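Q: I'd like to ask you about the structure that follows.
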Amino acid sequence: MLRRTFLKNGTLILGNLPLFCRSVEAATLALNEPSDDNALLRMGLVTDLHYADKDPGGTRHYRDSIQKFEECIQTFNAEDLDLAIELGDFVDAAEEVETEIAYLKTLDKIYSKFKGDRHYVLGNHCVWTLTKEQFRDNSGAKATHYSFDKNGVHIIILDACYRADGVSYGHRNYEWTDTEIPLEEQEWLKDDLSKTDLPTVAFTHQRIDVSNHYGIKSGPEVRKILEDSGKVLAVFQGHNHINEHNEIGGIHYVTLAALIEGSGQENNAYSILDVYPDRLEVTGFRNQSGYSLMA
Ligand SMILES: [Zn+2]
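Take a look at the structure:
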């Protein structure tokens, strides 16, 4: 099957073909091809909100995340979405645990207005001041890594908030570049994938498609587990605050833009992911790019 991947905003990527091989018009035509199937699953995605009641730092306008997230949830609710996933760094650091819990509750109150199921991927900032237990106890989060089936799609939520030595993040015990999906979780992932026959989409805060500061230490090993299963269509990631798409070993790795970056609604970023039997469609809002990803 021909693999086609392109950005909806006009920048074309086609597998490993150079950009000049196909025209933007061709991409537009492909997008407008009549589709006689309906999405199996529709979900809202948002990442790196970094909410905190503090003054801006560089490009991070912490207080603006409230209004941006309100818009995001309103958009999600205007569509008929099955679920929403926030991909981590939901809140930013406070000096005191109590202050950060207040940030978390403020943001979670907005998230709770979403009409479908809510899911949380842990980000490093979520568990800098807080422990994982404190994050869970003060939000709608249930577990740190888990999986579930919805409308014929298998969803995996991963937790890469571990140091390379296996110690779980919490209470300022780590360097942000020291990130890992530990062996025990890798074993769980392998086992989980062996038990499903459904097309699978995975979510992680830290990246598993790169080996730089943003990537987990055992990226190649985790990618091999995903590839060997033959079931994973795509992995969605946050943490890097940029739009990026890579295809490695037949799996799409999409890094989503951060909601926090820049002031005002025009610098918002979130998306809707539609899972079809033959493809994934990412509709990007504001600074988030859109993609059409063939299965
Ligand atoms: Zn992060």
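For reference, each letter of the sequence shown is one residue, going 1 to 295 in the working numbering. Don't be surprised by glycine CBs; every beta carbon is placed ideally from N, CA and C. Note that the structure is a prediction, hence the values are computed from the model and not measured.
(1) Based on Cα-Cα distance, which residue from T47, H241, R60, D53 lies nearest to G88?
(2) Find the nearest neighbour of D92 within the set G57, E180, D228, judged by alpha-carbon distance.
(3) List the residues that DSSP assigns as beta-bridge partners of T131.
(4) Determine the burial state of E261: buried for a count of at least 16 other Cβ atoms within 10 Å of its Cβ, exposed for fewer.
(5) Taking 8 Å as the cut-off, is the C-beta of I243 nearer than that to any heavy atom in ligand 1?
(6) Can you tell me the Cα-Cα spacing of A164 and V121, whole angstroms?
(7) Taking C-beta to C-beta, are S289 and N243 nearer than 9 Å?
(8) N151: beta carbon under 8 Å from a heavy atom of ligand 1?
(9) Please determine, among G166, G123, Y253, the residue with the shortest C-alpha to C-alpha distance to H50.
(10) What does DSSP give as the partner residues of K109 in its beta bridges?
(11) Can you give the beta carbon distance from A365 to V275, rounded, assuming they're within the 8 Å contact cut?
(12) Per the DSSP calculation, E247 is bridged to which residue(s)?
(13) Just checking Q206 against ligand 1 - is the residue's beta carbon closer than 8 Å to any of the ligand's heavy atoms?
(14) Determine, using beta carbons only, whether G170 and G116 come nearer to each other than 9 Å.
(15) How would you call K109, buried or exposed, if buried means at least 16 neighbouring beta carbons within 10 angstroms?
(16) Exposed or buried, what is V254 when buried is set at 16 or more other beta-carbons lying within 10 Å of its beta-carbon?
(17) Could you pull out every residue in the same chain whose Cβ sits closer than 6 Å to the Cβ of R286, ignoring the five residues on either side in sequence?
(18) Under 8 Å by Cβ, that's how I've got R223 and Y214 pegged, so tell me the actual separation to the nearest angstrom.
(19) Looking only at its chain, what residues have a beta carbon closer than 6 Å to the beta carbon of S168, apart from the 5 residues adjacent to it on each side?
(20) Roughly how many angstroms lie between the CA atoms of V127 and N173, to the nearest whole one?
(21) On the DSSP letters alone, give me the boundaries of the beta strand (DSSP E) that A78 sits inside.
(22) Are there any heavy atoms of ligand 1 lying less than 8 Å away from the beta-carbon of H239, as far as the coordinates show?
(23) Apply the 10 Å Cβ neighbour rule to E184 and answer buried if 16 or more other Cβ atoms are within range, or exposed otherwise.
(24) So what does DSSP say about Q312, is it helix, strand or coil?
(25) For I101, I'd like the list of residues in its chain whose CB is within less than 8 Å of its CB, leaving aside the five on either flank, ordered along the chain.
(26) Measure the beta-carbon distance from G250 to E227 and round it to whole angstroms, keeping in mind my assumption that it falls under 8 Å.
A: Concretely, from the data shown:
(1) T47
(2) G57
(3) Its beta-bridge partners do not exist; DSSP assigns none.
(4) buried
(5) At residue 243 the sequence reads Asn, which differs from the Ile that was named. No, the beta carbon of N243 sits no closer than 8 Å to any heavy atom of ligand 1.
(6) 19 Å
(7) yes
(8) no
(9) G123
(10) BP columns for K109 are empty, so no partner.
(11) Since the first residue shown for the chain is 1 and the last is 295, residue 365 is missing from the structure and cannot be characterised.
(12) H252
(13) yes
(14) no
(15) exposed
(16) buried
(17) N268, A269
(18) Not confirmed; about 15 Å, so no contact.
(19) Y162
(20) 10 Å
(21) Segment 65-78 is the alpha helix (DSSP H) holding A78; no beta strand (DSSP E) there.
(22) yes
(23) exposed
(24) Look at the range of the chain in this structure, 1 to 295, and you will see that residue 312 is not part of it.
(25) L130, Q134, N138
(26) 7 Å
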